[in-house]
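Student: Residue numbers for the sequence shown follow full-length UniProt numbering, beginning at 1 and rising by one. All C-beta atoms in this analysis are idealised placements derived from N, C-alpha and C, irrespective of residue type, glycine included.
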Amino acid sequence: MVQEVPKIREREKWDNKIEFFLSSIGFAVGLGNVWRFPYLCYKNGGGAFFIPYLICLILGGVPMFYLEVALGQFTSQGGITTWSTFAPQFKGIGYASCITCFLLNIYYIVILAWAIHYFFSSFTYDLPWSSCDHAWNTDKCFDPSMLKSMNSTDTSVGSSAGLKSSVVEYWENRVLGLSTGIDDVGSIRWELAATLFLAWVLVYFCIWKGVKSTGKVVYFTATFPYLMMTILLIRGLTLNGAWEGIRYYLTPDYSALFKGQVWIDAGTQIFFSYAVALGCMTALGSYNKFNHNFLRDCTWIVACNCGTSLYAGFVIFSVLGFMAQEQGVPISEVAESGPGLAFIAYPKAVSQMPWAPLWSILFFLMIIILGLDSQFVGVEGFVTAVVDAFPHILRVGYRREIFIAIIAVFSYCVGLLMVTNGGMYVFQIFDYYAASGMTLLWICFWESVAVAWFYGVGRFCSNVKTMVGYLPTLWLPIAWTYFTPVVTMAILLHSIINYEPLTYNKTYRYPLWAEAIGWGLALASMLCVPVYYMFYQTKDSIHKAEEREREKEKLKPEEKLLYNHSESQENNMVSSYV
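#1: What residues in its chain sit with their C-beta under 6 Å from that of Glu169, if we drop five residues either side in the sequence?
#2: Grouping DSSP H, G and I as helix and E and B as strand, with all else coil, what is Arg509?
#3: Helix, strand or coil: which one does DSSP assign to Thr473?
#4: Once the 5 residues before and after Phe460 are set aside, which same chain residues still bring their CB inside 7 Å of it?
#5: Should Tyr346 and Asn305 be called a contact, given that it needs their Cβ atoms to be closer than 8 Å?
#6: Just list the residues that DSSP pairs Ser165 with in beta bridges.
#7: Measuring straight from C-alpha to C-alpha, what distance separates Gly236 and Ser23?
#8: State buried or exposed for residue 613, treating a residue as buried only when at least 16 other CB atoms are found within 10 Å of its CB.
#9: Taking all protein chains shown into account, do 16 or more other C-beta atoms lie within 10 angstroms of the C-beta of Gly469, making it buried, or fewer, making it exposed?
#10: CB Ala70 to CB Phe271, shorter than 8 Å?
#11: For Ser525, which residues of its own chain have a beta-carbon under 6 Å away from its beta-carbon, when the five flanking residues on both sides are left out?
#12: Along the chain, where does the alpha helix (DSSP H) containing Glu380 start, and where does it finish?
#13: For Gln375 versus Leu54, is the C-beta spacing smaller than 8 Å?
#14: How many Å lie between residue 587 and Ile182 at the Cα?
#15: Count the other CB atoms within 10 Å of the CB of Leu493; is the residue buried (16 or more) or exposed (fewer)?
#16: On the three-state DSSP scale, how would you describe Thr420?
#17: Excluding the 5 residues flanking Gly26 on each side, which residues of the same chain have their C-beta closer than 8 Å to its C-beta?
#18: Can you tell me which of Gly338, Pro330, Leu370 and Ala324 puts its alpha carbon nearest to the alpha carbon of Val350?
#19: With a threshold of 7 Å on Cβ separation, who are the neighbours of Met489 within its own chain once the five nearest residues in sequence on each side are excluded?
#20: Examine the Cβ distances between the segment 30-38 and the segment 301-318 and report whether three or more of them are shorter than 8 Å.
#21: At a cut of 8 Å, does the segment 69-84 reach the segment 508-520 through at least three beta carbon pairs?
#22: What are the start and end residues of each continuous alpha helix (DSSP H) run of 4 or more residues lying completely inside the segment 2-44, in chain order?
#23: Once you ignore the five residues that flank Tyr433 on each side, which residues in its own chain have a CB closer than 7 Å to its CB?
#24: Taking His117 as part of the alpha helix (DSSP H), name the residues at either end of that continuous run.
#25: Helix, strand or coil for Leu188? Go by DSSP, reduced to three states.
#26: If you reduce the DSSP assignment to three classes, tell me which class Val396 lands in.
#27: With DSSP as the reference, please indicate the residues paired to Tyr504 in a beta bridge.
#28: Under the assumption that Asn505 contacts Val185 (Cβ atoms under 8 Å), give the Cβ distance between them as a whole number of angstroms.
#29: How many Å lie between Ser462 and Phe363 at the Cα?
#30: Give me the Cα-Cα distance between Leu502 and Tyr510, rounded to the nearest whole angstrom.
#31: State the start and end residues of the unbroken alpha helix (DSSP H) segment that holds Asn293.
#32: DSSP state of Thr124, grouped into three classes?
#33: Does the separation of the CB atoms of Leu370 and Gly30 fall below 8 Å?
#34: Take the Cβ of Asn291 as the centre, count every other Cβ of all protein chains shown within 10 Å, and call the residue buried at 16 or more, exposed below.
#35: Can you give me the Cβ contacts of Val414 inside the same chain, cut-off strictly under 7 Å, excluding the 5 residues immediately before and after it?
#36: Using beta-carbon positions only, say whether Val529 and Gly92 come within less than 8 Å of one another.
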């Protein structure tokens with residue numbers, strides 16, 4: 001009896017053009033647009049920051065975004081196997097992207113777990129972080145509303161006396177149960193373990209059927225945050241001090257343009273914001289039809305990403321302006337970025353508003369949706385890369401769904417380390433090293449070099465013309481060949497030269513063994529490029545030598561003598577030059 005060979009499932013395509021567009025928007029527009037860009041804009045010269053931001057966008061971000069989508073669409077392959085077509089010796093780029101994406105997926109979802117916790121905690125009459133009369137509060141706690149009756153001198157005295165606001169104590173004591181350091185991991189915070197589990201369940205069911213499910217989910221997840229931002233902006237603009245906050249956000253300080261760090265911040269934000277170097281845009285592009293006009297779509301996606309970053313700044317700084325006025329302190333004392341904005345500054349602001357629970361619910365719902373589509377598209381990008389690398393194993397029956405479940409369970413188990421008492425310290429190591437600007441810039445550099453200098457920028461432009469019917473604008477091949485490699489390497493070298501050891505809250509210094517783990521996470525992806533290149537060249541040399549031997553075996557005896565004589569002459573010529 002002949003055993004039936006398992007049938008490999010056909011590779012899917014997007015049902016329509018809008019699904020690719022919304023998936024790309026959902027992935028690229030993430031938490032960084034809300035909690036990092038507005039702060040960088042304020043910190044680096046206000047409205048003047050748009051100048052270095054747009055220049056770095058044109059020189060590096062846009063070319064890489066177009067390039068990655070084109071790679072996927074032309075080959076209909078994920079982030080690893082696409083390099084077999086364009087530059088097989090640089091297949092290590094695909095492995096590097098895959099590892100970086102995998103590590104990012106493990107820790108990024110922890111932010112969702114925190115946000116889900118805050119979301120459910122907001123369903124109450126009085127927000128639990130608005131006062132100091134809870135079991136988790138200490139005798140150093142003070143109510144943010146008390147600042148209304150304190151002048152700036154009182155506030156500074158309170159800070160020097162080691163006082164902590166009820167919002168900070170809720171974050172550190174109630175949510176995180178923060179320990180003294182990474183060497184004191186402590187126990188699992190079971191509430192966070194539950195919200196982390198819920199986050200992974202949501203991600204799994206968003207992508208378990210591939211782009212057939214992903215393409216439908218993004219209709220909601222990519223658009224709903226804009227509704228939330230609009231509602232929060234309208235509310236923010238009605239608050240006292242809102243326009244002062246916006247003025248601080250936009251007022252240009254052109255002297256900042258002469259500071260090198262401003263340009264570094266702009267460049268780093270670009271590569272973070274456009275989610276390049278992770279293989280995910282390649283994966284999304286691979287589900288397009290071959291003749292889809294991705295150049296047009298990418299232009300609109302880039303515009304939406306920029307516009308969202310600017311729009312989010314109005315949402316955030318209108319509220320921070322209100323908070324600064326309520327507390328009688330400068331904007332600089334309430335402006336934060338990263339988790340500090342989402343889980344300390346903004347909750348502190350909404351606790352001082354009428355109908356505080358409502359605004360808290362809306363804000364954290366926005367954070368959850370923004371993070372969710374970035375997360376599930378990130379997981380989809382990783383899964384696509386691996387499934388395309390092993391189609392005979394993973395694209396059979398329900399193996400893809402099982403593989404996603406295995407990835408989710410494994411990632412959840414590793415993520416449990418980040419919801420312990422010392423979990424924040426572990427989270428920061430992943431965030432600072434595993435998917436840092438350093439690793440992304442390194443991968444982007446080699447992507448542009450591999451395509452422009454090894455595959456050939458002219459050939460690549462011809463491939464683009466084959467797909468869309470016309471050559472890309474002259475700027476793109478120039479950028480791929482010269483500007484993008486220079487910009488990425490310049491920012492990378494600056495980051496290495498000015499490297500500072502990781503700290504928590506600018507007070508806790510990580511031990512050397514923890515830093516070593518961090519560098520191990522970074523090098524796990526970065527070394528893939530040179531290691532695979534050397535492996536490929538060695539394998540190629542061995543293969544060519546074996547071919548020569550096989551050719552020699554086919555020769556007649558007199559032909560072998562002639563072949564050996566000519567080979568000896570070639571070797572003598574080489575040695576004479578050496």
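Tutor: Quick look at the numbers:
#1: On the sequence shown, position 169 is the one that residue 169 refers to. Around Glu169: Asn137 and Cys141.
#2: By 1-based counting over the sequence shown, the position of residue 509 is 509. Correct three-state label for Arg509: strand.
#3: Position 473 of the sequence shown holds residue 473. Note: Thr473 maps to coil in three-state DSSP.
#4: Position 460 of the sequence shown, counting from 1, holds the residue named residue 460. Taken in chain order, the residues that qualify are Val451.
#5: In the sequence shown, residue 346 corresponds to position 346, counting from 1. In the sequence shown, residue 305 corresponds to position 305, counting from 1. The answer is no: Cβ separation not under 8 Å.
#6: Within the sequence shown, residue 165 is the residue found at index 165, counting from 1. As computed with DSSP, Ser165 is found in a beta bridge with Phe142.
#7: Against the sequence shown, residue 236 aligns to sequence position 236. Against the sequence shown, residue 23 aligns to sequence position 23. For Gly236 and Ser23, the distance between alpha carbons rounds to 29 Å.
#8: Residue numbering for the chain in the displayed model covers 1 to 578; residue 613 lies beyond these limits and cannot be assessed.
#9: Reading the sequence shown from its first residue, position 469 is the one you call residue 469. Taking a 10 Å sphere around the C-beta of Gly469, we find fewer than 16 other C-beta atoms and assign the residue as exposed.
#10: One-based indexing of the sequence shown puts residue 70 at position 70. One-based indexing of the sequence shown puts residue 271 at position 271. No; because the gap between Cβ atoms is not below 8 Å, this pair is not in contact.
#11: Indexing the sequence shown from 1 puts residue 525 at position 525. Here Ser525 has Ala96, Ile99, Thr100 and Thr439 as same chain residues with Cβ atoms under 6 Å from its own Cβ, once five neighbours each way along the sequence are excluded.
#12: As a working mapping, residue 380 is identified with position 380 in the sequence shown. Ala356 to Ala389 is the span of the alpha helix (DSSP H), which, as asked, contains Glu380.
#13: As a working note, residue 375 is residue 375 in the sequence shown. As a working note, residue 54 is residue 54 in the sequence shown. No, they are not a contact pair.
#14: Because residue 587 is not part of the residues shown, which for the chain are 1 to 578, the question remains open.
#15: Counting from 1 along the sequence shown, the entry for residue 493 is found at position 493. Answer is exposed; the Cβ neighbour count stays below 16.
#16: Counting from one through the sequence shown, the residue named residue 420 turns up at place 420. Assigned with DSSP and collapsed to three states, Thr420 falls in strand.
#17: By 1-based counting over the sequence shown, the position of residue 26 is 26. Same-chain partners within the cutoff: Val218, Thr221, Ala222, Asp373, Ser374 and Val377.
#18: In the sequence shown, counting from the first residue as 1, residue 350 sits at position 350. Of the candidates Gly338, Pro330, Leu370 and Ala324, the one whose C-alpha sits nearest the C-alpha of Val350 is Ala324.
#19: Numbered from 1 along the sequence shown, position 489 holds the residue referred to as residue 489. Only Phe445 meet the Cβ criterion.
#20: With the cut-off at 8 Å, the segment 30-38 and the segment 301-318 touch.
#21: With the cut-off at 8 Å, the segment 69-84 and the segment 508-520 do not touch.
#22: If we require 4 residues or more, the alpha helix (DSSP H) runs fully inside the segment 2-44 come out as 17-28, 31-35 and 37-43.
#23: Position 433 of the sequence shown, counting from 1, holds the residue named residue 433. Excluding residues within five positions, the ones whose Cβ falls inside 7 Å are Gly518, Trp519, Leu521 and Ala522.
#24: For this step, residue 117 is matched to residue 117 along the sequence shown. Unbroken alpha helix (DSSP H) run through His117: Lys91 to Ser121.
#25: Counting from 1 along the sequence shown, the entry for residue 188 is found at position 188. Residue identity check: residue 188 is Ile in the sequence provided, not Leu. Ile188: strand per DSSP, three-state reduction.
#26: Walking along the sequence shown from the start, residue 396 turns up at place 396. Looking at Val396 - three-state DSSP - the assignment turns out to be strand.
#27: As a working mapping, residue 504 is identified with position 504 in the sequence shown. Beta-bridge partners of Tyr504 (DSSP): Tyr508.
#28: The residue you call residue 505 lines up with position 505 of the sequence shown. The residue you call residue 185 lines up with position 185 of the sequence shown. Here Asn505 is actually not in contact with Val185; their C-beta atoms are around 18 Å apart, not less than 8 Å.
#29: Residue 462 sits at position 462 when you count from the first residue of the sequence shown. Residue 363 sits at position 363 when you count from the first residue of the sequence shown. Straight-line Cα distance between these residues: approximately 46 Å.
#30: Your numbering for residue 502 matches position 502 in the sequence shown. Your numbering for residue 510 matches position 510 in the sequence shown. Rounded to whole angstroms, Leu502 to Tyr510 spans 6 Å at the Cα level.
#31: Translated into the one-based positions of the sequence shown, residue 293 becomes position 293. Boundaries for Asn293: no alpha helix (DSSP H) harbours it, and the DSSP string shows neither H nor E there.
#32: In the sequence shown, counting from the first residue as 1, residue 124 sits at position 124. Looking at Thr124 - three-state DSSP - the assignment turns out to be coil, as it is neither helix nor strand.
#33: For the purposes of this step, residue 370 is taken as the residue at position 370 of the sequence shown. For the purposes of this step, residue 30 is taken as the residue at position 30 of the sequence shown. In this structure, Gly30 lies closer than 8 Å to Leu370 by Cβ.
#34: Residue 291 sits at position 291 when you count from the first residue of the sequence shown. Exposed is the call here.
#35: Along the sequence shown, one-based indexing puts residue 414 at 414. So the list reads Ile106, once near-sequence residues are dropped.
#36: Translated into positions along the sequence shown, residue 529 becomes position 529. Translated into positions along the sequence shown, residue 92 becomes position 92. Taking 8 Å as the Cβ cut-off, Val529 and Gly92 qualify as a contacting pair.
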